[in-house]
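So the structure is just underneath, and the comments pick up after that.
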Amino acid sequence: MYDVVIVGAGPAGLSAAIYLGRAMRNVLVVDANKPMCRWEPHVENYLGFPDGISGDELLERGRKQTDRYKVEFVEDTVETASGKLGEFVVEGKNGKYEARRILLATGIFHIPPAIPELDCCLGHSMFFCKDCDGFRVQGKKVGVVGTINDTVEYALGMLAYSPCVFVLTNGFKPTWDKQHAKWLEEYSIRVFNGRIEAVDHKEGHIRTITFGESEKLLLDTLFTTRGDVFHNRIAHDLGADLDETGEVIVDRCMMTSVKGVYAAGCVTPANCQIIIAAGQGAIAAQSINRNLFEESLADHSLLRVREGQLAQACTEPQLIH
Ligand SMILES: Cc1cc2nc3c(=O)[nH]c(=O)nc-3n(C[C@H](O)[C@H](O)[C@H](O)COP(=O)(O)OP(=O)(O)OC[C@H]3O[C@@H](n4cnc5c(N)ncnc54)[C@H](O)[C@@H]3O)c2cc1C
Numbered sequence: 131m132y133d134v135v136i137v138g139a140g141p142a143g144l145s146a147a148i149y150l151g152r153a154m155r156n157v158l159v160v161d162a163n164k165p166m167c168r169w170e171p172h173v174e175n176y177l178g179f180p181d182g183i184s185g186d187e188l189l190e191r192g193r194k195q196t197d198r199y200k201v202e203f204v205e206d207t208v209e210t211a212s213g214k215l216g217e218f219v220v221e222g223k224n225g226k227y228e229a230r231r232i233l234l235a236t237g238i239f240h241i242p243p244a245i246p247e248l249d250c251c252l253g254h255s256m257f258f259c260k261d262c263d264g265f266r267v268q269g270k271k272v273g274v275v276g277t278i279n280d281t282v283e284y285a286l287g288m289l290a291y292s293p294c295v296f297v298l299t300n301g302f303k304p305t306w307d308k309q310h311a312k313w314l315e316e317y318s319i320r321v322f323n324g325r326i327e328a329v330d331h332k333e334g335h336i337r338t339i340t341f342g343e344s345e346k347l348l349l350d351t352l353f354t355t356r357g358d359v360f361h362n363r364i365a366h367d368l369g370a371d372l373d374e375t376g377e378v379i380v381d382r383c384m385m386t387s388v389k390g391v392y393a394a395g396c397v398t399p400a401n402c403q404i405i406i407a408a409g410q411g412a413i414a415a416q417s418i419n420r421n422l423f424e425e426s427l428a429d430h431s432l433l434r435v436r437e438g439q440l441a442q443a444c445t446e447p448q449l450i451h
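Given below as structure tokens:
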């Protein structure tokens with residue numbers, strides 16, 4: 131029985147593991163090893179790295195930091211979880227793990243645009259997040275792909291970085307509302323409705339996109355706004371409340387609606403940023419630690435630890451006169 135099983139070893143899970151390890155808790159991290167953080171080759175907005183750092187290296191450093199504490203890792207995909215406060219069972223493809231508390235740090239999946247040949251542009255010239263990557267596309271020709279209100283708001287937001295911003299619906303019918311349609315007109319943002327058939331890029335850097343048979347648009351970068359899939363299945367199986375988009379609802383202590391089940395990072399309603407995920411992991415870990423401490427006072431398990439110390443260790447104060 132672990133004190134805590136953390137599902138997910140992205141920034142949220144690793145940060146929690148460091149805090150709980152330092153709190154002398156017995157922690158297991160179960161991870162399917164597909165962190166979104168790895169998609170970013172050059173993180174520029176994480177505190178303390180003035181020259182940037184790759185998402186991969188940030189995770190590697192975080193993982194190394196946990197080596198100093200009593201934190202175990204297992205690579206496994208959790209399929210479901212059940213139980214109640216103090217006795218949870220987390221079931222992976224390869225094993226079952228028992229814990230007194232669970233922290234879900236399972237993240238999300240950004241849905242990529244349905245455009246051929248874009249994978250290798252990811253993180254180089256194809257982005258999901260203007261807060262992460264807007265700054266680096268200043269003055270460039272920016273295409274925002276999508277058909278929803280968010281698409282329009284992204285395009286408007288990108289005007290802070292570039293005067294050359296277009297919306298691309300990729301052949302799908304727009305579903306943005308009247309107010310958003312009005313903004314597109316008012317701000318003179320061109321909308322291209324054609325289906326994108328091809329993308330020409332050099333080493334991941336987009337140069338043109340082709341509509342239909344031959345019409346080409348010169349572009350430097352694409353942002354996409356197709357939405358996210360939240361990795362919330364375990365939360366759902368445990369009975370935790372989700373909001374209408376699928377995010378796991380948490381309180382100030384990052385506890386879900388189920389006692390003893392916590393969530394942190396992008397799977398919650400927080401903004402999906404590495405520093406926020408790490409911060410939430412720390413909040414969750416501190417709350418869990420406090421909760422376990424209070425339990426140990428209530429059930430006298432801390433008192434039994436103290437009795438053991440008194441019986442075995444030299445606990446007398448050493449006064450020097
Ligand atoms: C292209 C791109 C660029 C980005 N750039 C930036 C940036 O510059 N700055 C920034 O702040 N943010 C950036 N982000 C966002 C950033 O990646 C996220 O904020 C961050 O990774 C969230 O951390 P997390 O721990 O919540 O989730 P993740 O990093 O996604 O980690 C979740 C972990 O949980 C595991 N997991 C999920 N389900 C299960 C399961 N059932 N069983 C076991 N394990 C499971 C996953 O495999 C994964 O390892 C970017 C994202 C993308 C896609």
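If you read the sequence shown in the numbering used here, its first letter stands for residue 131, the second for the next number, and so on. All residues carry an ideal CB built from backbone N, CA and C; glycine is no exception. Only a predicted model underlies this, so the values are computations on that prediction, with no experimental measurement involved.
Would you kindly check if the distance between the Cβ of P141 and the Cβ of G253 is under 8 angstroms?
Not a contact, by the Cβ cut-off of 8 angstroms.
Going by beta carbon distance, what residues of the same chain come within less than 8 angstroms of I238, once the five residues before and after it are set aside?
Listed in chain order, the non-local C-beta contacts of I238 below 8 angstroms within the same chain comprise M166, D358, V359, F360, H361, C396, V397 and C402, local neighbours out to five positions each way being set aside.
Length of the line joining the Cα atoms of V159 and A365
Going from the Cα of V159 to the Cα of A365 covers about 16 angstroms.
If G222 sits next to E202, beta carbons under 8 angstroms apart, how far is it from one beta carbon to the other, in whole angstroms?
About 13 angstroms; that fails the 8 angstroms criterion.
Quick one: does the C-beta of N279 sit closer than 7 angstroms to a heavy atom of ligand 1?
No; taking the cut-off as 7 angstroms, the Cβ of N279 has no heavy atom of ligand 1 nearer than that.
Pull up the distance between the alpha-carbon of L248 and that of G276, whole angstroms please.
Cα-Cα distance, rounded: 15 angstroms.
According to DSSP, which residues form a beta bridge with G273?
Listed as beta-bridge partners of G273 by DSSP are F296 and L352.
Is DSSP giving H335 helix, strand or coil here?
In the three-state reduction of the DSSP assignment, H335 falls in the strand class, which pools E and B.
Assigned secondary structure, L248 (DSSP; H/G/I helix, E/B strand, else coil):
L248 falls in the coil class under three-state DSSP.
Just verifying my parser: in three-state terms, what is the DSSP assignment at K346?
In this structure, K346 counts as strand in the three-state DSSP scheme.
For C473, count neighbouring C-beta atoms within 10 Å of its own C-beta (all shown protein chains included) and say buried if the count is 16 or more, exposed if not.
Since the first residue shown for the chain is 131 and the last is 451, residue 473 is missing from the structure and cannot be characterised.
Taking Cβ positions only, does N323 come closer than 8 angstroms to chain C?
Annotation note: the requested chain C is absent from the structure, which comprises a single protein chain.
Assuming V204 contacts V137 (C-beta within less than 8 angstroms), just tell me the rounded distance between them.
In fact, because the Cβ distance is near 11 angstroms, the residues do not count as touching under 8 angstroms.
Would the beta-carbon of P141 be found less than 7 angstroms away from any heavy atom of ligand 1?
Answer for P141: yes, Cβ within range of ligand 1.
Cα separation between R231 and G216?
Straight across, the Cα-Cα distance linking R231 with G216 is about 6 angstroms.
S431 in three-state terms, based on DSSP:
S431 falls in the helix class under three-state DSSP.
Run of the alpha helix (DSSP H) containing S145, from where it starts to where it stops
Counting along the chain, the alpha helix (DSSP H) containing S145 begins and ends at P141 to R152.
Under three-state DSSP, which class holds K223?
K223: coil per DSSP, three-state reduction.
Residue(s) in a DSSP beta bridge with H240:
D358, per the DSSP bridge assignment.
Would you call R155 buried or exposed, if buried means 16 or more other Cβ atoms sit within 10 Å of its Cβ?
A buried status is given to R155, since no fewer than 16 other beta-carbon atoms sit within 10 Å of its beta-carbon.
Specify the secondary structure class of D373 as computed by DSSP and reduced to three states.
Of the three classes helix, strand and coil, the one that applies to D373 here is coil, per DSSP.
Measuring CB to CB, does R320 end up less than 8 angstroms from F302?
It is not a contact, given that the beta carbons lie outside the stated cut-off.
So is the beta-carbon of H240 under 7 angstroms away from any non-hydrogen atom of ligand 1?
With a cutoff of 7 angstroms, H240 counts as near ligand 1, since its C-beta is closer than that to a heavy atom of the ligand.
Once you ignore the five residues that flank G408 on each side, which residues in its own chain have a CB closer than 7 angstroms to its CB?
This sequence places Ala at residue 408; Gly is not what is there. Cβ neighbours of A408 within its own chain (closer than 7 angstroms, five residues either side excluded): P141, A142 and S145.
A235: beta carbon under 7 angstroms from a heavy atom of ligand 1?
Checking the 7 angstroms criterion, the Cβ of A235 is within range of a heavy atom belonging to ligand 1.
Cβ contact (3+ pairs, closer than 8 angstroms) linking the stretch 264-278 and the stretch 377-397
As far as the Cβ criterion goes, the stretch 264-278 does not touch the stretch 377-397, which means the pair count is below three.
S417, buried or exposed, once every other Cβ within 10 Å from all chains shown has been counted against 16:
Answer is buried; the Cβ neighbour count reaches 16.
For F302, does the three-state DSSP call read helix, strand or coil?
Here F302 sits in coil by DSSP.
A235 classed as buried or exposed, judged by whether at least 16 other C-beta atoms fall within 10 angstroms
Under this definition A235 is a buried residue.
Nearest to L368 (by Cα), restricted to the options T355, D381, V388 and M384:
Nearest of T355, D381, V388 and M384 to L368, Cα basis: V388.
So E283 is in the alpha helix (DSSP H); what residue range does that whole segment cover?
Element bounds for E283: N279 to M288.
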